[in-house]
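**Q** Quick note, the sequences are listed as chains F and S, same order.
Taking the numbering used here, I'd label the letters of the first sequence as residues 1 to 113.
Taking the numbering used here, I'd label the letters of the second sequence as residues 1001 to 1114.
No residue lacks a Cβ here, since even glycine has one placed at the ideal position from N, Cα and C.
None of the values given here were measured: they were computed from a predicted structure.
What follows is a structure written as structure tokens; I'll ask about it next.
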Amino acid sequence: DGGITQSPKYLFRKEGQNVTLSCEQNLNHDAMYWYRQDPGQGLRLIYYSQIVNDFQKGDIAEGYSVSREKKESFPLTVTSAQKNPTAFYLCASSGTTYNSPLHFGNGTRLTVT
Amino acid sequence: GNSVTQMEGPVTLSEEAFLTINCTYTATGYPSLFWYVQYPGEGLQLLLKATKADDKGSNKGFEATYRKETTSFHLEKGSVQVSDSAVYFCALSDPGGGSEKLVFGKGTKLTVNP
């Protein structure tokens, strides 16, 4: 079955360390996205990529970085510059036609202490 | 800018009760409207959508009608089940924009008790 795989499901890090969250899709989608979900705040877009080797900042990109070297993969690095990194991170993908729905992974819960 | 406002949760209902989750929006032009559902421990899934005024989206017994005159897209279900317990997100997409233009509401948590 096609889908999006995020790993790991839970991740713990010490403050000051960079951490990379994995996102892989086999839906053959061109576009991929990273969202952050905090209680009571809905989803906020961190970065998105519409094509390999290209990506754009979303609404809250500061303290994060991404790469898109392969169509299937869109890893997110949470750097030590992110002031409040503890959150639930969701990866999504979609086609690029108008109103293509988003397909989400099951998320990674990152806890930084 | 575009925005979505959902009713505050949490919402707690008994099985077989009628559900309404209110959603209103602010947008220029004619956005498309969506409801996504997030079950515990999972990502979001598209529940239903409507792309123009007076369209009704429906899926799994849920319905929502795109009302341009009231800028609303309320989610309804006639008889909820325990398995409907989840967080529901209303969203709109900027007309002419890609999915990166999707704007989400803050979500409404629904708990259905047996």
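1) Pop quiz: residue 74 of chain F and residue 49 of chain F are said to be a contact at Cβ under 8 Å. What is the actual Cβ separation, rounded to whole angstroms?
2) Taking 7 Å as the threshold (C-beta atoms), are residue 1073 of chain S and residue 1033 of chain S in contact?
3) Might you give, ordered along the chain, the residues of its own chain that have their beta carbon closer than 6 Å to the beta carbon of residue 32 of chain F, omitting 5 neighbours on each side?
4) From the DSSP output, in three-state form, read off residue 38 of chain F for me.
5) From F:69, F:18, F:43, pick the residue whose C-alpha is nearest to that of residue 63 of chain F; which is it?
6) Assign residue 54 of chain F to one of three DSSP states: helix, strand, or coil.
7) Considering only C-alpha positions, which residue in the set S:1111, S:1028, S:1015, S:1075 is nearest to residue 1085 of chain S?
8) Suppose contacts are defined by Cβ-Cβ distances below 7 Å. Is residue 16 of chain F in contact with residue 80 of chain F by that definition?
9) With a 10 Å radius around its C-beta and 16 neighbouring C-beta atoms as the bar for buried, classify residue 1052 of chain S as buried or exposed.
10) Taking just the CA atoms, how far does residue 1018 of chain S sit from residue 69 of chain F?
11) Under 9 Å between beta-carbons, which chain F residues line up against residue 1057 of chain S? List them in chain order, please.
12) With H, G and I counted as helix, E and B as strand and the rest as coil, what does DSSP make of residue 9 of chain F?
**A** Here's the rundown:
1) As a first step, residue 74 of chain F must be located in the first sequence, where it is residue number 74. As a first step, residue 49 of chain F must be located in the first sequence, where it is residue number 49. With 8 Å as the limit, residue 74 of chain F and residue 49 of chain F qualify as a contact, their Cβ atoms being about 6 Å apart.
2) For the purposes of this step, residue 1033 of chain S is taken as the residue at position 33 of the second sequence. For the purposes of this step, residue 1073 of chain S is taken as the residue at position 73 of the second sequence. Yes.
3) For this step, residue 32 of chain F is matched to residue 32 along the first sequence. Contacts found: 49, 74, 93.
4) One-based indexing of the first sequence puts residue 38 of chain F at position 38. Looking at residue 38 of chain F - three-state DSSP - the assignment turns out to be coil, as it is neither helix nor strand.
5) Residue 63 of chain F sits at position 63 when you count from the first residue of the first sequence. The shortest Cα separation from residue 63 of chain F among F:69, F:18, F:43 belongs to F:18.
6) Within the first sequence, residue 54 of chain F is the residue found at index 54, counting from 1. In this structure, residue 54 of chain F counts as strand in the three-state DSSP scheme.
7) Sequence index remark: in the second sequence, residue 1085 of chain S carries index 85 (1-based). The option with the nearest alpha carbon to residue 1085 of chain S is S:1111.
8) If you number the first sequence from 1, residue 16 of chain F lands on position 16. If you number the first sequence from 1, residue 80 of chain F lands on position 80. Contact flag set, yes.
9) Here residue 1052 of chain S refers to the residue found at position 52 of the second sequence. Residue 1052 of chain S is exposed by the Cβ-count criterion.
10) Reading the first sequence from its first residue, position 69 is the one you call residue 69 of chain F. Reading the second sequence from its first residue, position 18 is the one you call residue 1018 of chain S. Distance between the alpha carbons of residue 69 of chain F and residue 1018 of chain S: 48 Å.
11) In the second sequence, the residue the question calls residue 1057 of chain S occupies position 57. Per Cβ cutoff of 9 Å: no residues; residue 1057 of chain S is ~12 Å from chain F at best.
12) Start at 1 with the first residue of the first sequence, and residue 9 of chain F comes out as number 9. Residue 9 of chain F falls in the coil class under three-state DSSP.
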